[in-house]
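If you count by this note's numbering, then the sequence shown holds residues 122 to 352, one letter each, in order. Using N, Cα and C, we set each Cβ at its ideal position, and we do this for glycine too.
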Amino acid sequence: MLDHLFRGLFDTDLTVVISITDFLLCLAGSLALGLVMALAYMYRSRYTKSFVVTLALLPAVVCVVIMMVNGNVGAGVAVAGAFSLVRFRSVPGTAKEICTLFLAMGAGLIAGMGYLGFAAVFTLVMCLAFLLYNHLELGTRRNDALYKTLTITIPEDLNYTEVFDDILQQYTSQWELVRVKTTNLGSMFRLTYQITLRDTGREKEMIDQLRCRNGNLEISVARQDTTVTEL
């Protein structure tokens, strides 16, 4: 009776049916692997509850889908199309989030094929590598200190085209004017530059030079926002 309960309506005598024991074993293994990946991602990372829950459950979902496909080419193509639709219903993620989602899907695929040992080894090795690379600095602090967003307010009668080029050439190795905006009812301009400092210790000296040029109006230096272009 139990065997008939878990048979498909369209199964034949030649169809290989997965036993309920194997199904539960693969499902439990996938949930355990997803939990390990979620814990590895949470280590020294900013995260949301929804993403961690998704990461923990994704291997089990992929595992079940692969077990249900079970060699059916037509069903496999349909599943691939369904997974591709999910991408267009989600917001863009960071490189780290996309990487961990692929890792979770990979673990689920391996577990769904029945190779629980390989899935466990894959999860262990990739989580250790993830933690190692996440722990390394990889020059990010130096980049954060060098790459800045410079905002300068100037009076409307000052030609902003090349007014600061000599100062920027002295203190930066690269600069680009990315935005010009009128402010204070059109009586002033606000210029936004993306710059790369030559020496972080001379940042105040650069600001003092710019203050003399823009009439001591507002100047701000901030870290560049790399969230959108992180990939």
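When only Cα atoms are considered, F310 and E324 end up about 22 Å apart. Of L331, M189, A343, T274, the smallest CA-CA separation from A232 is found for M189. The alpha helix (DSSP H) runs lying completely inside the segment 157–198 and spanning 4 residues or more are 170–190, given in chain order. Taking C-beta atoms as the reference points, S341 and L271 count as a pair closer than 9 Å.
For Y268, the uninterrupted beta strand (DSSP E) run begins and ends at 268–276, by DSSP.
The Cβ neighbour count for L249, taken over all protein chains shown within 10 Å, is under 16; the residue is labelled exposed. Within a 10 Å sphere around the beta-carbon of N335 sit 16 or more other beta-carbons, which makes this residue buried.
With a cutoff of 9 Å on beta-carbon distance, A240 and S151 are scored as near each other. Using a 10 angstroms sphere on the CB of F285, the tally of other CB atoms reaches 16 or more, which defines it as buried. By the beta-carbon neighbour count (other beta carbons within 10 angstroms, threshold 16), A266 is exposed. The beta carbons of W296 and L289 sit about 5 Å from each other, so the pair counts as a contact at 8 Å.
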